[in-house]
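Everything below concerns the one structure shown next.
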Amino acid sequence: MSQQPSGWYDDPSNPDLIRYWDGVTWSNHTAPKKSPTLSRTPTASLPQQDGPSQGGRVQSGQGGQVGQGGQDAGRPPMPQGSGWDAGHGGPQQPSGQPSAPQYPGWGGQGQQQGWGGQGQQGQQGYPGAPGYPGAPGGAANWMSSIKTTADGVPLASWGRRLGAWVIDGVILVILTFFLWRLLAPEVFTELSRMVDVASTGDQAQLEEATRQMTDVVNAASLKTGIAQFVLVFVYCIAFWTTTAQTPGKMAVGISVRRADRPGPLDLATAVRRRVLSLLGLVPGIGVLWGPLSVLDGLWPLWDDKRQALHDKIGRTQVVVGKQPRNRS
1 MSQQPSGWYD
11 DPSNPDLIRY
21 WDGVTWSNHT
31 APKKSPTLSR
41 TPTASLPQQD
51 GPSQGGRVQS
61 GQGGQVGQGG
71 QDAGRPPMPQ
81 GSGWDAGHGG
91 PQQPSGQPSA
101 PQYPGWGGQG
111 QQQGWGGQGQ
121 QGQQGYPGAP
131 GYPGAPGGAA
141 NWMSSIKTTA
151 DGVPLASWGR
161 RLGAWVIDGV
171 ILVILTFFLW
181 RLLAPEVFTE
191 LSRMVDVAST
201 GDQAQLEEAT
211 RQMTDVVNAA
221 SLKTGIAQFV
231 LVFVYCIAFW
241 TTTAQTPGKM
251 AVGISVRRAD
261 RPGPLDLATA
271 VRRRVLSLLG
281 LVPGIGVLWG
291 PLSVLDGLWP
301 LWDDKRQALH
311 DKIGRTQVVV
321 GKQPRNRS
């Protein structure tokens with residue numbers, strides 16, 4: 001498509017304005033299509049396309065051409081900084097209509113474009129400038145920058161996913177506290193005793209209380225660790241397979257779905273999506289779970305499909321909005 005010349009065109013984002021096209025891209029200079037003072041302009045002062053001088057207008061001596069002093073009288077005033085080139089005179093309009101700007105170099109020498117794409121005598125309309133939102137094909141240009149699923153659903157941003165993770169994390173910390181209270185009450189008993197000893201200032205007793213506290217926590221860590229894993233597992237699976245949204249995802253307006261179809265996850269897909277977390281329970285490998293979980297959380301930042309590692313294993317994607325309750 002040939003390059004459009006610079007000039008004033010209909011603003012693609014506001015039908016009441018015109019915007020200056022610099023030949024490459026849209027500038028920030030805009031102006032109203034209709035002058036706010038036009039209704040106060042006497043119709044007698046507006047120029048005619050042809051004919052003798054009207055309303056005291058000074059004509060040049062050349063074939064009825066309006067002189068330079070009268071050429072701007074009917075033009076809507078442009079705001080300061082609009083980028084309007086006063087040297088590019090607009091075509092003369094019939095009485096009662098605002099005059100339009102000339103688009104230099106367009107349509108050949110001696111021709112001026114019609115306003116709003118409607119040509120006047122000896123003039124032609126202009127097509128929309130290429131590559132801007134609002135022109136034919138322009139919407140597709142900016143829409144193509146939005147990442148979507150294969151069927152066109154917008155993918156959730158990393159920021160929303162992080163927000164959902166924080167909210168779910170707070171909920172799970174609270175649930176874990178009650179889980180420890182239920183399964184390992186002795187830990188809280190020792191903790192209370194250690195606080196009392198610390199308040200006495202007896203260093204020897206404090207060291208002994210600290211050692212006993214450590215032993216109690218280590219003894220309870222296996223059962224509480226397994227119980228905590230089950231808690232998170234059930235929390236995620238239950239929400240993924242019913243509403244496709246944990247409370248955190250509900251709060252930020254996103255949901256999880258299979259990559260190839262909408263709807264809540266089936267049980268097999270939901271389990272696959274959690275399988276990566278099993279590494280935290282494997283002796284000798286669990287130490288790697290910390291760095292791996294960080295990498296997993298950051299992966300959507302550079303992934304073309306915005307999938308984390310656990311999304312790739314489960315073949316899932318996180319999208320904007322809710323999922324239909326019925327699985328496809």
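Here the sequence shown stands for residues 1 to 328, where the numbers follow full-length UniProt numbering. A virtual CB, placed ideally from N, CA and C, is assigned to each residue, including glycine.
When you compare only the Cα positions, how much space is there between F188 and D311? 38 Å
In the DSSP output, what is L162 paired with across the bridge? Bridge partners of L162: none, in fact.
Whole-angstrom distance between I18 and T30, CA atom to CA atom: 6 Å
Three-state class that DSSP yields for V216 in the structure shown: helix
Pick out whichever of V252, G152 and T25 has its Cα sitting closest to the Cα of I167. V252
I think T316 touches R274, with their Cβ atoms under 8 Å apart; what is that distance to the nearest whole Å? With 8 Å as the limit, T316 and R274 do not qualify as a contact, their Cβ atoms being about 11 Å apart.
Within the same chain, show all residues whose beta-carbon is closer than 7 Å to that of D11, passing over the 5 residues directly before and after it, in chain order. L17, I18, R19 and T30
Mind checking whether I226 and L276 have CB atoms under 7 Å apart? no
Whole angstroms is fine: what's the gap from Q224's alpha carbon to M213's? The sequence shown places Thr at residue 224, not Gln. Approximately 15 Å, taken between the alpha carbons.
Taking its Cβ as the centre, do 16 or more other Cβ atoms sit within 10 Å of W302, making it buried, or is it exposed? exposed
Output yes or no for whether 7 Å exceeds the beta carbon distance between A219 and L206. no
How many Å lie between T242 and K34 at the Cα? 56 Å
Burial state of L155, where buried means 16 or more other Cβ atoms lie within 10 Å: buried
By the DSSP assignment, the alpha helix (DSSP H) with R19 in it spans what residues? From DSSP, R19 is part of no alpha helix (DSSP H) but of the beta strand (DSSP E) over L17 to W21.
Alpha helix (DSSP H) containing S192: first to last residue? P185 to T200
Specify the secondary structure class of R325 as computed by DSSP and reduced to three states. coil
Between Q307, L231 and L175, which has its C-alpha nearest V319's C-alpha? Q307
Where G70 and R160 are concerned, what is the direct C-alpha to C-alpha distance, given to the nearest angstrom? Its pLDDT being 43, under 50, G70 is placed unreliably by the model, and nothing is read from it.
Span of the alpha helix (DSSP H) holding T149? Neither: T149 is in no alpha helix (DSSP H) and is coded neither H nor E.
Taking all protein chains shown into account, decide if A150 is buried (16 or more other Cβ within 10 angstroms of its Cβ) or exposed. exposed
Nearest-angstrom Cα separation, counted from L182 out to L172: 15 Å
Residues sharing a beta bridge with D10, DSSP: I18
So, at 7 Å on beta carbons, what are the nonlocal neighbours of residue 331 in its own chain, with the 5 sequence-adjacent residues on each side left out? Residue 331 lies beyond the residue range present for the chain, which begins at 1 and ends at 328; the question has no answer from this structure.
Since I believe Q323 is in contact with G263 (beta carbons under 8 Å), could you give me their beta-carbon distance rounded to a whole number of angstroms? 5 Å
CB-CB length for A164 against G248, believed under 8 Å: 4 Å
Cutoff 6 Å; reference P291; Cβ partners in own chain excluding five residues on either side: none
In whole angstroms, what is the alpha-carbon distance linking D215 and A270? 37 Å
Within 10 Å of its beta-carbon, does I254 have 16 or more other beta-carbons around it, so buried, or fewer, so exposed? buried
Quick one: what does DSSP say W289 is sitting in, helix, strand or coil? helix
Buried/exposed call for R257, threshold 16 Cβ in 10 Å: buried
For R258, which beta-bridge partners are listed by DSSP? R261 and T316
Residues that DSSP places opposite W26 in a beta bridge: W21
Starting from the C-beta of D304, find all residues in its chain whose C-beta is less than 8 Å away, skip the five residues before and the five after it, and write them out in chain order. K147
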